[in-house]
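J.: Okay, here's the structure, questions in a sec.
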Amino acid sequence: HLDKGMACFPDTNISLKGSDRRLSLAYGEADIALRFGRPKEGQLIASKVAEISFELFAPIGEAPREWIGLEEELDWTPEMQFAFDYFGGPPRLRVSCFQAARVAATVTGFATVGPRSVMEFGGHLERIRDTPVAKREVWSVIHATRKFSRRLSAVREWIKQSVAEAPRFENNAPQLGSDVQKKHKLIS
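Each residue of the sequence shown is one higher than the last, beginning at 1462 in our numbering.
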């Protein structure tokens, strides 16, 4: 839904950054953050956007004993932990993102762990039956000093609406009563 956001906010520059480190909202490293888990530190305002399931996948018809995981610094995450437990050890191959894990699993025949929305893309992988699932909440977060920003409120509403309309997310956020176009008129 990025195209809708760009159309609704023509005077706003959007820069998407993926990072394993928490960018500082207080020091302006980001205006809005999407984070796994509800933040507990700092003066932050958070609202739940979605819940994502991380599952084990393998090439269709395969029963691999080897698996592909993310980089070592992410071994602490729930999805990596349950893959370690299920396979009884570390991954045979490590990659930097879930998209790379999907491609590598397709090519190698190994299993991998990731969100269904990424792993089912292309139709080459299927969920391994009777395996664990790690559910992680996704939260939209801003710094408390920005709580009256109409622009940020509109962008957060657009994020919630985009996730609510995405068929591959398990969205547990409250239903939205307004649409983003109407919100944008408040910004102008």
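Note that CB positions come from ideal geometry on N, CA and C, so glycine has one too.
Excluding sequence positions up to five away, which residues of its chain have a Cβ less than 7 angstroms from the Cβ of glutamine 1560?
T.: Along the sequence shown, read from residue 1 onward, the residue named residue 1560 stands at position 99. For glutamine 1560, where only same-chain residues beyond five positions count, the Cβ hits under 7 angstroms are Val1579.
J.: Going by the DSSP bridge assignment, what does threonine 1573 pair with across the sheet?
T.: As a position in the sequence shown, residue 1573 is number 112, starting the count at 1. DSSP lists Phe1518 and Ile1529 as partners of threonine 1573.
J.: Is asparagine 1474 close to the ligand SAM? I mean its beta-carbon at under 7 angstroms from any heavy atom of the ligand.
T.: Judged by which ligands are present, the structure shown has none, so any question about the ligand SAM falls away.
J.: Given a cut-off of 8 angstroms, decide if alanine 1507 and serine 1614 are closer than it, judged by their beta-carbon atoms.
T.: Residue numbering aside, residue 1614 sits at position 153 when the sequence shown is read from its first letter. Residue numbering aside, residue 1507 sits at position 46 when the sequence shown is read from its first letter. Not a contact, by the Cβ cut-off of 8 angstroms.
J.: Any idea if tryptophan 1528 is buried or exposed, counting beta-carbon neighbours within 10 angstroms, 16 or more meaning buried?
T.: Residue mapping note: residue 1528 aligns to position 67 of the sequence shown, counting from 1. By the neighbour-count rule (16 or more Cβ atoms within 10 Å), tryptophan 1528 is buried.
J.: Taking 8 angstroms as the limit between beta carbons, can you name the residues of its chain near arginine 1499, skipping five residues before and five after?
T.: Here residue 1499 is taken as the residue at index 38 of the sequence shown, counted from 1. Ala1507, Lys1509, Glu1598 and Trp1600, listed in sequence order.
J.: Closest to glycine 1570 by CA distance: which of Thr1473, Tyr1488, Met1467 and Gly1522 is it?
T.: Your numbering for residue 1570 matches position 109 in the sequence shown. Nearest of Thr1473, Tyr1488, Met1467 and Gly1522 to glycine 1570, Cα basis: Gly1522.
J.: Please classify phenylalanine 1545: does DSSP put it in a helix, a strand, or coil?
T.: If you number the sequence shown from 1, residue 1545 lands on position 84. Of the three classes helix, strand and coil, the one that applies to phenylalanine 1545 here is helix, per DSSP.
J.: Just to confirm, are alanine 1565 and leucine 1586 a CB contact at a threshold of 8 angstroms?
T.: Here the question's residue 1565 lines up with position 104 in the sequence shown. Here the question's residue 1586 lines up with position 125 in the sequence shown. Result no, Cβ atoms of alanine 1565 and leucine 1586 do not sit closer than 8 angstroms.
J.: According to the Cβ coordinates, are leucine 1517 and alanine 1544 closer than 8 angstroms?
T.: Numbered from 1 along the sequence shown, position 56 holds the residue referred to as residue 1517. Numbered from 1 along the sequence shown, position 83 holds the residue referred to as residue 1544. Closer than 8 angstroms, so yes.
J.: Which of the three DSSP states is assigned to leucine 1613 in this structure?
T.: Start at 1 with the first residue of the sequence shown, and residue 1613 comes out as number 152. Correct three-state label for leucine 1613: helix.
J.: Would you call leucine 1535 buried or exposed, if buried means 16 or more other Cβ atoms sit within 10 Å of its Cβ?
T.: Against the sequence shown, residue 1535 aligns to sequence position 74. It is exposed - the Cβ of leucine 1535 has fewer than 16 other Cβ atoms within 10 Å.
J.: Along the alpha helix (DSSP H) that carries alanine 1468, what are the first and last residues, could you check?
T.: On the sequence shown, residue 1468 is found 7 positions in, with the first residue counted as 1. That run of the alpha helix (DSSP H) goes 1463-1469.
J.: Report all residues from its chain with a CB closer than 8 angstroms to the CB of glycine 1583; omit the five preceding and five following residues, and keep chain order.
T.: One-based indexing of the sequence shown puts residue 1583 at position 122. So the qualifying residues of the chain are Arg1563 and Thr1567.
J.: Sorted by chain position, which residues of the same chain lie with C-beta nearer than 8 angstroms to proline 1471's C-beta, five sequence neighbours on each side aside?
T.: The residue given as residue 1471 occupies position 10 in the sequence shown. So no residue of the chain qualifies.
J.: Could you check which residue in Leu1486, Leu1484 and Asp1492 has the C-alpha nearest to that of threonine 1473?
T.: Sequence index remark: in the sequence shown, residue 1473 carries index 12 (1-based). Nearest of Leu1486, Leu1484 and Asp1492 to threonine 1473, Cα basis: Asp1492.
J.: Should threonine 1573 be labelled buried (16 or more other beta-carbon atoms within 10 Å of its own) or exposed?
T.: Reading the sequence shown from its first residue, position 112 is the one you call residue 1573. Counting Cβ neighbours within 10 Å, threonine 1573 comes out buried, since at least 16 surround it.
J.: Assuming glutamate 1598 is part of the beta strand (DSSP E), what are its boundary residues?
T.: By one-based count along the sequence shown, residue 1598 stands at place 137. Here the beta strand (DSSP E) through glutamate 1598 covers 1595-1604.
J.: State the beta-bridge partners of arginine 1496 as determined by DSSP.
T.: Your numbering for residue 1496 matches position 35 in the sequence shown. Looking at the DSSP assignment, arginine 1496 forms a beta bridge with Trp1600.
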